[in-house]
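Asker: Before I ask anything, here is the structure I am working with.
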Amino acid sequence: MNQQPQQTVLVGAPGSGKSTVGEILAAATGRPHVDADAASADFYGEVGWSVERLGARASEVGFSLAHEEWEVALAHAVERLVETSPGAVISLGAGHSHVTDDALFERVVRALGAADQVVLLRPSDDLQVSLEVLRQRCLDDKGTAWKVDGEDWLERWLTDGRDERVATHHVLTAGMTPDQTARVVAGLAGRGLSVGRG
Numbered sequence: 000m001n002q003q004p005q006q007t008v009l010v011g012a013p014g015s016g017k018s019t020v021g022e023i024l025a026a027a028t029g030r031p032h033v034d035a036d037a038a039s040a041d042f043y044g045e046v047g048w049s050v051e052r053l054g055a056r057a058s059e060v061g062f063s064l065a066h067e068e069w070e071v072a073l074a075h076a077v078e079r080l081v082e083t084s085p086g087a088v089i090s091l092g093a094g095h096s097h098v099t100d101d102a103l104f105e106r107v108v109r110a111l112g113a114a115d116q117v118v119l120l121r122p123s124d125d126l127q128v129s130l131e132v133l134r135q136r137c138l139d140d141k142g143t144a145w146k147v148d149g150e151d152w153l154e155r156w157l158t159d160g161r162d163e164r165v166a167t168h169h170v171l172t173a174g175m176t177p178d179q180t181a182r183v184v185a186g187l188a189g190r191g192l193s194v195g196r197g
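Taking numbering that gives the first Met the number 0, I'd label the letters of the sequence shown as residues 0 to 197.
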């Protein structure tokens, strides 16, 4: 009997390596890679949202309020990504697993509960160390510190506990290359909650 390939969802704060590790893992295991930030536009549209609308609302009411309004689109996208990508490696953009509305977050929890693995990537179990590492990566790679309208979004996403709530596995990536991290994630199949080397 042929076993269906596992669906693996990678979660974590910006700069944690979800897209890079996801691409490597998918290529190494012969599975499709789905980058949520690139693949969700149609799903956002199903509930009347778009990245452009988010930007327009942020200009009108500020990023924090606009992001709250957008959470329905994020939760819907998680549901649709899991539903439409069986056997894939899904790199989930940080905001998707950090909706603040309790009812919407429960939808995210239920959707991700259908995936075979939800792997949290983080540099260290020391949140301050992770914050410093991820902040520098975001500045180097994207030119942003994720401080918007007086709020530190990077710190919020690291400390709100939402990634921990949805994750079936944790991998600490300090000292590992993306290839090494992908190998650790690949080795998690069939295991319970695991922590990679840090």
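Glycine included, each C-beta is placed from N, C-alpha and C at the ideal position.
Looking at C-beta atoms only, is the number of pairs between the region 92-112 and the region 64-78 that lie closer than 8 Å three or more?
Answerer: Result yes; three or more Cβ-Cβ pairs closer than 8 Å.
Asker: Quick check on V194: buried or exposed, where buried means 16 or more other Cβ atoms within 10 Å of its Cβ?
Answerer: Residue placement at V194 cannot be trusted, given a pLDDT of 43 that sits under 50; the coordinates are not used to answer.
Asker: Ordered along the chain, which non-local residues of its own chain (more than five positions away) have a Cβ less than 6 Å from that of S39?
Answerer: The answer, listed in chain order, is A76.
Asker: Does the separation of the CB atoms of R106 and A74 fall below 7 Å?
Answerer: Against a cut-off of 7 Å, the Cβ pair of A74 and R106 comes out as a contact.
Asker: Mark D162 as exposed unless 16 or more other C-beta atoms lie within 10 angstroms of its C-beta, in which case mark it buried.
Answerer: Answer is buried; the Cβ neighbour count reaches 16.
Asker: Taking 8 Å as the limit between beta carbons, can you name the residues of its chain near T198, skipping five residues before and five after?
Answerer: Only positions 0 to 197 of the chain appear in this structure, which leaves residue 198 out of reach.
Asker: Three Cβ pairs or more, each shorter than 8 Å: is that satisfied between the region 26-38 and the region 110-121?
Answerer: Cβ pair count under 8 Å is below three, so no.
Asker: Between which two residues does the alpha helix (DSSP H) containing L198 stretch?
Answerer: Residue 198 is absent from the structure shown; the chain starts at 0 and stops at 197.
Asker: Look at the alpha carbon of A114 and the alpha carbon of L133, and state the distance between them as a whole number of angstroms.
Answerer: Answer to the nearest angstrom: the Cα atoms are 26 Å apart.
Asker: Kindly indicate the opening and closing residues of the beta strand (DSSP E) around D124.
Answerer: Unbroken run through D124: none, as it is neither H nor E.
Asker: Would you grab the beta carbon distance between T180 and T172 for me? Rounded to a whole angstrom, and I think it's under 8 Å.
Answerer: Yes, T180 and T172 are in contact; Cβ-Cβ is about 5 Å, under 8 Å.
Asker: Since I23 contacts D139 with CB under 8 Å, what's their CB separation in whole angstroms?
Answerer: Not confirmed; about 20 Å, so no contact.
Asker: Going along the chain, which residues of its own chain have a beta-carbon closer than 8 Å to the beta-carbon of V81, five neighbours each way excluded?
Answerer: Around V81: Q6, V8, I89, A110, L111, A113, A114.
Asker: Taking A185 as the reference, give the member of G11, P13, G14, T28 with the closest Cα.
Answerer: The option with the nearest alpha carbon to A185 is T28.
Asker: Which one of V183, H169, E150 has the shortest CA to CA distance from F62?
Answerer: It is E150.
Asker: Between A87 and L187, what straight-line distance do the alpha-carbon atoms span, to the nearest angstrom?
Answerer: Their backbone Cα atoms lie some 15 Å apart in a straight line.
Asker: Considering only their Cβ atoms, is the gap separating G21 from H32 smaller than 7 Å?
Answerer: Yes.
Asker: Let's test the definition: count the other Cβ atoms within 10 Å of the Cβ of A26 and tell me whether it reaches 16, buried, or not, exposed.
Answerer: Exposed.
Asker: Quick one: grab the DSSP three-state call for H97.
Answerer: Here H97 sits in coil by DSSP.
Asker: Would you kindly work out how many angstroms separate the C-alpha atoms of E45 and G11, rounded to a whole number?
Answerer: Answer to the nearest angstrom: the Cα atoms are 25 Å apart.
Asker: V183 and V170 look like a contact to me (Cβ under 8 Å); what is the Cβ gap, rounded to whole Å?
Answerer: Yes, they are in contact, since the Cβ atoms of V183 and V170 sit about 5 Å apart, within 8 Å.
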